[in-house]
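Okay, so here's the structure we're looking at.
Protein chains: 2
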Amino acid sequence: MVTHDVMPVTTNRGLPEKRRAIAQAARTVFGREGFTRASVDTIATEAGVSKRTIYNHYPDKEKLFLSVILEGSESVAATHMRIAERHLRKILDLEEDLIAYGVEWASSPTAFLDHFALVRTIQAEASRIPAEVLEAWQNAGPRAFQEELAGYLRAIADRGLLVVPDPDEAANHFNLLTFVNVVQKSFYGAIRIADEEITELVTGGVRAFLRLYRPVV
Amino acid sequence: MVTHDVMPVTTNRGLPEKRRAIAQAARTVFGREGFTRASVDTIATEAGVSKRTIYNHYPDKEKLFLSVILEGSESVAATHMRIAERHLRKILDLEEDLIAYGVEWASSPTAFLDHFALVRTIQAEASRIPAEVLEAWQNAGPRAFQEELAGYLRAIADRGLLVVPDPDEAANHFNLLTFVNVVQKSFYGAIRIADEEITELVTGGVRAFLRLYRPVV
DNA sequence: GGTAGACTGCACCACGCAGTGCAATCGGGC
DNA sequence: GCCCGATTGCACTGCGTGGTGCAGTCTACC
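Protein sequence lines correspond, in order, to chains P and S. Residue 1 is where the first sequence starts when you use the working numbering, and the numbers rise one by one after that. Residue 218 is where the second sequence starts when you use the working numbering, and the numbers rise one by one after that.
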């Protein structure tokens, strides 16, 4: 697990309690309205805090956004860790476990609706976001998940349940065939799709994945 | 091929020549700045046209955006048709042809940079876009490509070169393993990635696809 | 030469928004 | 009782923006 230093994006002034309220409100409002439409006044109101206080904690709107998305990534990463651990550490029935993992993980955009709305914003603004910031986010987000999954796949392969010449590529393929498939269809949760459809898509993806990487008997 | 009627998004007043200039400029500016940041004044200047004229042709900014993205989809669809036809009609070496098709298609976001910037905007704003508009775009865009590809795969399967129980799912898998993989990494062309990397990614995807759908000898 | 439609330029409105300045208040530590 | 940092409320600046109104010009056609 690699952690990357990022220049501080928040001042150390102010009460942590207020800071949390601001961050929480910012996540909600940015998620609902997108970066540009979201106004600092709205965030202040939602946080039950004066606008002036926000500018005591964060130098400007952009840094506030940045801080929120990085925190969000950490929280999602932690969740992913728990999901992966729960389904992929002890394998009972490989197909079943992979499906359970995939379904739960592919459902997380619905659970972290605000955060993934921010992710969509990031993607839309990619060309206007400083390269090192984009880099930092990718490392905290997508890349981290893939690395983690690759680790589990390697372990599963070591026990002879899969044949995985290149764990990173395999993790990528799994990700594409399940998670990415779902988020493409649901716009990262913005368009609600039924749980059964998620299950169906993931199941199809896992079956394909297994055809790719299951050892020939 | 299904075409969907969409309510007209442009007035019939005005000279078609000016209209084209406006649409062209709008595509560029929206692509560069995103919907919200792009100002109608900028578009007017870029088009060499007075702002008043824009409002002679389009009722408002939103409709202008809409019109531009639908036109763009058509243009991209036409390109896709040519690429698919060129590589998938007559198959000489299946792997080679699929790779050539995949590489060329996965490179199109770089060729249609403006348009795919609009696509990212759409995705980011998905939750704020009227459902029927989103529907119309999906039909003109992603869904159309997938359908077309499914048709070719079916034809290839008919000749015994592939085993394709469900052409739609197969097309989806191909799409995920090649095109989507590339656009996820490049943010639809916003972040430049080397041609060799595109080739590499697509090649890996095609190989996986073939392992999934090649007939067992 | 007259009429009609398209275009232009420019002023203008109304509004929202990021960010600042400031005086006043609150609360805990010494 | 005093101080200091955090917070508040509010007015205010400056700017950009979507959209309109209007008076005048240009062009093509009759």
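Built from N, CA and C at the ideal position, the CB exists for glycine as well.
Best match in S:Leu427, S:Arg249, S:Ser284 for proximity to S:Val350 [C-alpha to C-alpha]:
Among S:Leu427, S:Arg249, S:Ser284, the Cα nearest to that of S:Val350 is on S:Ser284.
Quick check: the Cα distance between P:Phe145 and P:His80, rounded to an integer number of angstroms?
Distance between the alpha carbons of P:Phe145 and P:His80 is about 7 Å.
So what's S:Gly422 in DSSP terms, helix, strand or just coil?
Assigned with DSSP and collapsed to three states, S:Gly422 falls in helix.
I'd like the span of the alpha helix (DSSP H) that includes P:Arg19, first residue to last.
Under the DSSP assignment, P:Arg19 falls in the alpha helix (DSSP H) whose first and last residues are 16-37.
Distance CB(P:Gly84)-CB(P:Tyr101) smaller than 8 Å:
Checking the sequence shown, residue 84 of chain P turns out to be Ala, not Gly. Note that the C-beta distance between P:Ala84 and P:Tyr101 is below 8 Å.
Straight-line Cα distance separating P:Val216 from P:Arg32
In a straight line, the C-alpha of P:Arg32 is about 48 Å away from that of P:Val216.
How big is the Cα-Cα spacing for P:Leu70 and P:Gln123?
The C-alpha of P:Leu70 lies about 14 Å from the C-alpha of P:Gln123.
Which bits of chain S does P:Thr203 rub up against, with CB to CB less than 8 Å?
Per Cβ cutoff of 8 Å: no residues; P:Thr203 is ~11 Å from chain S at best.
Considering only the beta carbon of each residue, do S:Leu465 and P:Leu176 sit closer than 8 Å?
Nothing can be reported for residue 465 of chain S: it is not among the residues displayed for chain S, which extend from 218 to 434.
Return no unless some Cβ of chain P is closer than 8 Å to the Cβ of S:Arg306.
Answer no: the Cβ-Cβ gap between S:Arg306 and chain P never drops below 8 Å.
Any beta carbon of chain P sitting closer than 8 Å to that of S:Val285?
No Cβ of chain P is located within less than 8 Å of the beta carbon of S:Val285.
Can you name, in chain order, every residue of its own chain whose Cβ lies under 7 Å from the Cβ of P:Val164, other than the five neighbours on each side?
Answer for P:Val164: Leu153, Arg154, Ala157, Ala170, Tyr213, listed in chain order.
Grouping DSSP H, G and I as helix and E and B as strand, with all else coil, what is S:Pro382?
In the structure shown, S:Pro382 sits in coil (DSSP, three-state: anything other than H, G, I, E or B).
With a floor of 3 residues, list each beta strand (DSSP E) that falls wholly inside the region 136-166 of chain P, ordered by position along the chain.
Restricting attention to beta strand (DSSP E) runs no shorter than 3 residues, the region 136-166 of chain P encloses none.
Under 8 Å between the Cβ atoms of S:Ala403 and S:Pro347?
Here residue 403 of chain S is Ser; the residue named in the question, Ala, does not match the sequence. Taking 8 Å as the Cβ cut-off, S:Ser403 and S:Pro347 do not qualify as a contacting pair.
Between the CA atoms of P:Phe35 and P:Ser75 - distance to the nearest angstrom
Going by C-alpha positions, P:Ser75 is about 20 Å away from P:Phe35.
CB contact check: S:Thr416 to chain P, cutoff 8 Å
Chain P contact via Cβ: absent.
Should P:Leu64 and P:Val206 be called a contact, given that it needs their Cβ atoms to be closer than 8 Å?
No; because the gap between Cβ atoms is not below 8 Å, this pair is not in contact.
Give the straight-line distance between the Cα atoms of S:Arg299 and S:Leu330, rounded to the nearest whole angstrom.
One C-alpha to the other measures close to 19 Å.
Can you tell me where the alpha helix (DSSP H) holding S:Arg431 begins and where it ends?
Neither: S:Arg431 is in no alpha helix (DSSP H) and is coded neither H nor E.
Contact under 8 Å by Cβ, P:Ala140 with P:Asp168
No.
DSSP state of P:Pro59, grouped into three classes?
Coil.
What would DSSP say about P:Gly48, mapped onto helix, strand or coil?
Here P:Gly48 sits in coil by DSSP.
Report the CB separation of S:Ala353 from P:Ala190 in whole angstroms; it is logged as a contact under 8 Å.
The C-beta separation of S:Ala353 from P:Ala190 comes to about 17 Å, leaving the pair out of contact by the 8 Å criterion.
Measuring alpha carbon to alpha carbon, tell me which residue in P:Ala23, P:Arg159, P:Arg128 is nearest P:Gly72.
Residue P:Ala23 is the option with its Cα nearest to P:Gly72.
Out of S:Pro359, S:Ala323, S:Ser324, S:Glu321, point me to the one whose CA is closest to S:Val336's CA.
Ranked by Cα distance from S:Val336, the options S:Pro359, S:Ala323, S:Ser324, S:Glu321 are led by S:Pro359.
Nearest-angstrom Cα distance between S:Leu232 and P:Glu46?
Cα atoms of S:Leu232 and P:Glu46: separation of roughly 48 Å, rounded to the nearest angstrom.
Whole-Å CB distance - P:Ala38 paired with P:Val29, under 8 Å assumed:
Right, the Cβ-Cβ distance comes to about 5 Å (below 8 Å), so this counts as a contact.
S:Arg269 versus S:Arg303, S:Arg230, S:Ala294, S:Leu305, residue with shortest Cα-Cα distance
A check of alpha carbon separations from S:Arg269 across S:Arg303, S:Arg230, S:Ala294, S:Leu305 identifies S:Arg230 as the nearest.
What are the boundary residues of the alpha helix (DSSP H) that includes P:Lys185?
P:Lys185 -> alpha helix (DSSP H) spans 181-186.
Along chain S, which residues have their Cβ under 8 Å away from the Cβ of P:Leu177?
Per Cβ cutoff of 8 Å: His390, Leu393, Leu394.
Looking only at C-alpha atoms, which of S:Asn273, S:Ser267, S:Asp412, S:Glu365 sits nearest to S:Ala328?
Measuring from the Cα of S:Ala328, the nearest candidate turns out to be S:Asp412.
Taking 8 Å as the threshold (beta carbon to beta carbon), is S:Val399 in contact with chain P?
It does not: the Cβ of S:Val399 has no partner Cβ on chain P nearer than 8 Å.
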